[in-house]
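Asks: In numbering that gives the first Met the number 0, the protein residues as written are 0 to 126. Note that CB positions come from ideal geometry on N, CA and C, so glycine has one too. Got a structure for you, written out below as structure tokens; questions coming shortly.
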Amino acid sequence: MFAATLRYDQPITEYVSRNIIRQIISRLISCLAIGSGVIVHGLILSITPRLFAINIRATLFGCCNAIGQLGTILCYLLIMTHDADDVTRKIIEGSLAIILTVICFVIPDVDGRELPDIIDDMDYFSE
């Protein structure tokens with residue numbers, strides 16, 4: 000039915016609404032983001048044991064996990080504020096991203112000890 004109504008001299012965008020095109024682009028970008036995240040995670044798992052000590056790997060995996068959790072929180076907030084206007088959504092999403100990033104990097108769980116400045120201090124920190 001669709002092919003019968005499509006003429007060669009008219010662009011396909013007349014038959015497909017802009018909203019559908021935006022959804023297709025959004026889903027394509029989402030698939031690329033998920034795929035690249037899986038690839039990077041696989042590379043981290045396979046390369047880091049050869050390059051870094053266990054203490055540094057644990058710290059890196061903790062940071063990756065924290066950033067992933069923040070991304071999950073932000074995605075749910077994006078879906079919840081979908082009906083709000085664009086300016087309100089941008090303000091909410093931007094402020095939440097900044098607040099969560101500050102919380103992630105400013106308030107680490109270090110049991111009252113100072114964070115190490117150099118890699119050699121990591122052994123002391125891990126005890």
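(1) Roughly how many whole angstroms lie between the Cα atoms of A65 and L76?
(2) Mapping the DSSP letters down to three states, classify D84 as helix, strand or coil.
(3) Under 8 Å between the Cβ atoms of I72 and L50?
(4) Under three-state DSSP, which class holds S94?
(5) Going by DSSP in three states, A65 sits in which element: helix, strand or coil?
(6) Among the residues of its own chain, which have a CB less than 8 Å from the CB of P48, if the five just before and after it don't count?
(7) Three-state secondary structure (DSSP) at A130?
(8) Identify whether S45 lies in helix, strand or coil by the three-state DSSP scheme.
Replies: So, from the listed chains and residues:
(1) 17 Å
(2) coil
(3) Result no, Cβ atoms of I72 and L50 do not sit closer than 8 Å.
(4) Helix.
(5) helix
(6) R56
(7) Lying outside 0 to 126, the shown extent of the chain, residue 130 is not represented and no answer is given.
(8) Residue state for S45 is assigned as helix, using DSSP reduced to three classes.
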